[in-house]
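Taking numbering that gives the first Met the number 0, I'd label the letters of the sequence shown as residues 0 to 323. Each remark here refers to the structure printed beneath this line.
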Amino acid sequence: MGCNTSTQSKVSDVGAATAAIAKPRTPSPPAAENGVTTEVPEKQESVPVSVAPVTLQVPEIRASRSASPASTKSEPSYSHIRLLLLGLRRRLQVAGLHGRRPVKKPLVSLKNWKARVEWAKQHLSWGPREWANHIWSDESKFNLFGTDSIQWIRRPIGSRYAPQYQCPTVKHGGGSVMVWGCFCDTSMGPLKKIVKTMDRYVYKDILENTMRPWVRANLGRSWVFQQDNDPKHTSSHVANWFRRRRVDLLEWPRQSPDLNPIEHMWEELERRLKGVRASNANQKFAQLEAAWKSIPMTVVQTLLDSMSRRCQAVIDAKGYPTKY
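Here it is in structure tokens:
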């Protein structure tokens, strides 16, 4: 009797916990005699099954001339391994892990990402008044034929080699043009074609004979110059020029192209010349210069207005590269 009472107490506890999801059925005669009720849950609707992490272990296959047929039978075949890989691929896809092309971003060291966060915090609240008379500068390369960026098309299945879906290429990329450019909040600056190899001497010559005359005509004496930390930019030869000309430099964190709005200006320039062919470097530069001068100031203002969002993105990413 004592055993039946204990059993009845335990079963009643289980029944109370499962009452919300189970429907009681008529107890069988032996169970009723002992005071025990049997509950069978109703059939529930199917729910998505969570996919647990998968570890695929493929045995190492060794080929040996002395291996007997009996020993090789126990080793997995190529088709078996292929089925295992296909199964793993399906499970990864169900888990939302699809194959994707990774984005390429500069490698940011521990020291650099801390500096990026600090810089972003210092300039997060800056607006048009603070960014006024700041000159943004950089170099960029433009191909005479095609582009270095990824190109996408949509085509029917089985038409990969159809001429209309091919991306033509030429040997050595068909050549390219290297340019230096700058702009500020009130004006598009000059675009300079770089003929020789870009080194500290060529860069100093651009600053003296291209950038400085434009600044004196458009900004007067009060302005701040931005450049990245390329070795030719930070060389002692160039640093001496900045010192002699009393140029105020904007402190700039390393590996931070996502903070520089001129990077998007290069994209704008390439977009404006999409589909425009050039037969030589001189013709290409003439096209670039004309397109550069035609960029409206609304584009400049949009880029400068994004500075606070760029800073916030760096802070949110804890100093690592952002979408910009």
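Glycine residues also receive a C-beta, built at the ideal position from the N, C-alpha and C atoms. Please read all numbers here as calculations on a predicted model, not as lab measurements.
Proximity below 8 Å, CB of residue i to CB of residue j
i	j	result
residue 289	residue 268	no
residue 310	residue 97	no
residue 319	residue 107	yes
residue 376	residue 306	Residue 376 cannot be examined here, being either before or after the span of the chain that is shown, 0 to 323.
residue 236	residue 203	yes
residue 254	residue 136	no
residue 143	residue 283	yes
residue 302	residue 127	no
residue 176	residue 248	no
residue 252	residue 115	yes
residue 314	residue 120	yes
Residues bridged to residue i [DSSP beta-bridge criterion]
i	result
residue 138	179
residue 225	135
residue 247	223
Neighbourhood of residue i by C-beta distance below 7 Å, restricted to the same chain and skipping five residues each side
i	result
residue 205	179 and 191
residue 300	none
residue 55	At residue 55, the pLDDT of 44 sits below 50, so the modelled position is not reliable; the number obtained from the coordinates is stated separately. If we look at residue 55 and ignore the five residues flanking it on each side, its Cβ neighbours are 83 and 87.
residue 198	231
residue 241	248
residue 228	251 and 253
residue 76	none
residue 158	164
residue 298	267
Neighbourhood of residue i by C-beta, 6 Å cutoff - its chain only, sequence neighbours within 5 removed
i	result
residue 188	181, 182 and 213
residue 154	164
residue 217	186
residue 246	224
residue 209	189 and 191
residue 265	139
residue 207	none
residue 234	199
residue 105	254
residue 152	164
residue 85	none
residue 317	none
residue 109	none
residue 156	none
Residue i - containing alpha helix (DSSP H), residue span
i	result
residue 193	Unbroken run through residue 193 is the beta strand (DSSP E), 187 to 193; no alpha helix (DSSP H).
residue 301	296 to 304
residue 113	109 to 122
residue 86	77 to 93
residue 290	280 to 292
residue 204	199 to 205
residue 210	Where residue 210 is concerned, there is no enclosing alpha helix (DSSP H), given that its DSSP letter is neither H nor E.
residue 130	127 to 130
residue 270	261 to 271
Beta-carbon proximity list for residue i, same chain, < 8 Å, skipping 5 on both sides
i	result
residue 293	271
residue 221	132
residue 78	none
residue 196	none
residue 215	none
Option in the options with minimal Cα separation from residue i
i	options	result
residue 260	91, 184 and 86	184
residue 243	250, 273 and 211	211
residue 263	89, 111, 90 and 139	139
residue 112	273, 257 and 274	257
residue 125	308, 78 and 315	308
residue 174	296, 285 and 279	279
residue 276	105, 215 and 141	141
residue 219	234, 317, 134 and 274	134
residue 239	200, 215, 273 and 274	200
residue 193	274, 110, 281 and 159	281
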